Amino acid sequence: GDSVTQMEGPVTLSEEAFLTINCTYTATGYPSLFWYVQYPGEGLQLLLKATKADDKGSNKGFEATYRKETTSFHLEKGSVQVSDSAVYFCALTSGSRLTFGEGTQLTVNP
Amino acid sequence: DAGVIQSPRHEVTEMGQEVTLRCKPISGHNSLFWYRQTMMRGLELLIYFNNNVPIDDSGMPEDRFSAKMPNASFSTLKIQPSEPRDSAVYFCASSPGQGASSGKQYFGPGTRLTVT
Chain A
1 GDSVTQMEGP VTLSEEAFLT INCTYTATGY PSLFWYVQYP GEGLQLLLKA
51 TKADDKGSNK GFEATYRKET TSFHLEKGSV QVSDSAVYFC ALTSGSRLTF
101 GEGTQLTVNP
Chain B
1001 DAGVIQSPRH EVTEMGQEVT LRCKPISGHN SLFWYRQTMM RGLELLIYFN
1051 NNVPIDDSGM PEDRFSAKMP NASFSTLKIQ PSEPRDSAVY FCASSPGQGA
1101 SSGKQYFGPG TRLTVT
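Heads up: the protein sequence lines correspond to chains A and B, in order.
Quick note on numbering: the numbering used here labels position 18 of the first sequence as 18, and the sequence is numbered without any gaps.
Here the numbering used here = 1-based position in the second sequence + 1000.
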């Protein structure tokens, strides 16, 4: 079945550092890909999405490019802030379900 | 817009008791999802409704779990009898699209359930 694999966390960075969180997927067909973010004590929020190969999703300084050849959707941000501390989930949809990765905890220190 | 509303936010109960979690989706959304989040298993989809009809309940762990959506503005997830391994955060999410195909789901704040 469909699955999403994220880099293991937790990830700890200093403010203004470059962020990469790796995400690879296995799916039949051509899924849409997503990054969701979960701030402490809250539900998940959609951060960005890409619906076809080579699409780039972006929001709040975060970017991810749908790479069909490497089945990847890595999340990047050039300069993280303390307020970016959260858990980040990669996900794909194929049909009626959203399949989430295990989540990566990011902590940004001042 | 009030967002997805869940109640209660926290529930502590003893093993064997019945637990009912409630969800009010965003008005106008026609898809509703129940998820369970634990450290061990991550985020799991339990059941998905479209236009109040259960479409996919393959994630419901066992017969102790049941979910209903009597109308477009209300859904419940019931556990009877509850067990300690049911302890988790339960999220409700709604979507304006059909199923998860649009990918944009709006999550509630969750209900943290502790079964002792």
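By construction, the Cβ of each residue, glycine as well, lies at the ideal position given by its N, Cα and C atoms.
Here the structure is a predicted model, which means the values were calculated and not measured.
What are the residues that DSSP puts in a beta bridge with T26 of chain A? Paired residues: A:S3.
What's the call for R1041 of chain B, buried or exposed, on a 16-neighbour Cβ count within 10 Å? Result: exposed.
Say whether chain A places a C-beta atom closer than 8 Å to the C-beta of F1119 of chain B. Residue coverage of chain B in this structure runs from 1001 to 1116, which leaves residue 1119 of chain B outside it and unanswerable.
Counting only beta-carbon atoms, is L1043 of chain B nearer than 8 Å to chain A? Chain A, which has a Cβ nearer than 8 Å to the Cβ of L1043 of chain B, makes this yes.
Restricting to Cα atoms, I'd like to know which of B:S1066, B:I1055 and B:L1045 is closest to F1107 of chain B. It is B:L1045 whose Cα lies nearest to the Cα of F1107 of chain B.
Figure out for me which residue from A:E76, A:N22 and A:E16 has the closest Cα to the Cα of T70 of chain A. Residue A:N22 is the option with its Cα nearest to T70 of chain A.
Based on Cα-Cα distance, which residue from A:G61, A:V4, A:D55 and A:G1 lies nearest to D84 of chain A? From the listed residues A:G61, A:V4, A:D55 and A:G1, the smallest Cα separation to D84 of chain A is found for A:G61.
By the DSSP assignment, the beta strand (DSSP E) with S1031 of chain B in it spans what residues? Boundaries of the beta strand (DSSP E) around S1031 of chain B: S1031 to T1038.
Taking V80 of chain A as the reference, which of A:Y25, A:P40, A:D55 and A:E63 has the closest Cα? Among A:Y25, A:P40, A:D55 and A:E63, the Cα nearest to that of V80 of chain A belongs to A:E63.
Between T72 of chain A and chain B, is any beta-carbon pair separated by less than 8 Å? Checking the displayed sequence, the identity of residue 72 of chain A turns out to be Ser instead of Thr. So, not an interface residue.
Does the beta-carbon distance from T107 of chain A to Q6 of chain A come in below 8 Å? It is not a contact, given that the beta carbons lie outside the stated cut-off.
How about T1076 of chain B and L1021 of chain B: do their beta carbons lie closer than 8 Å? Between T1076 of chain B and L1021 of chain B, the gap from beta carbon to beta carbon is short of 8 Å.
Counting only C-beta atoms, is F1049 of chain B closer than 8 Å to chain A at any point? False, the Cβ-Cβ gap to chain A never drops below 8 Å.
At a CB-CB cut-off below 8 Å, which residues of chain A make contact with K979 of chain B? The shown model of chain B, from 1001 to 1116, leaves out residue 979 of chain B, and the question about it has no answer.
Over the uninterrupted beta strand (DSSP E) stretch that includes I1079 of chain B, give me the two end residues. For I1079 of chain B, the enclosing beta strand (DSSP E) begins and ends at F1074 to I1079.
Rank B:A1067, B:V1089, B:R1009 and B:T1114 by C-alpha distance to the C-alpha of R1037 of chain B and give the top, closest one. A small fix is needed here, since residue 1037 of chain B is Gln in this sequence, not Arg. Looking at the Cα atoms, B:V1089 is the closest of the given residues.
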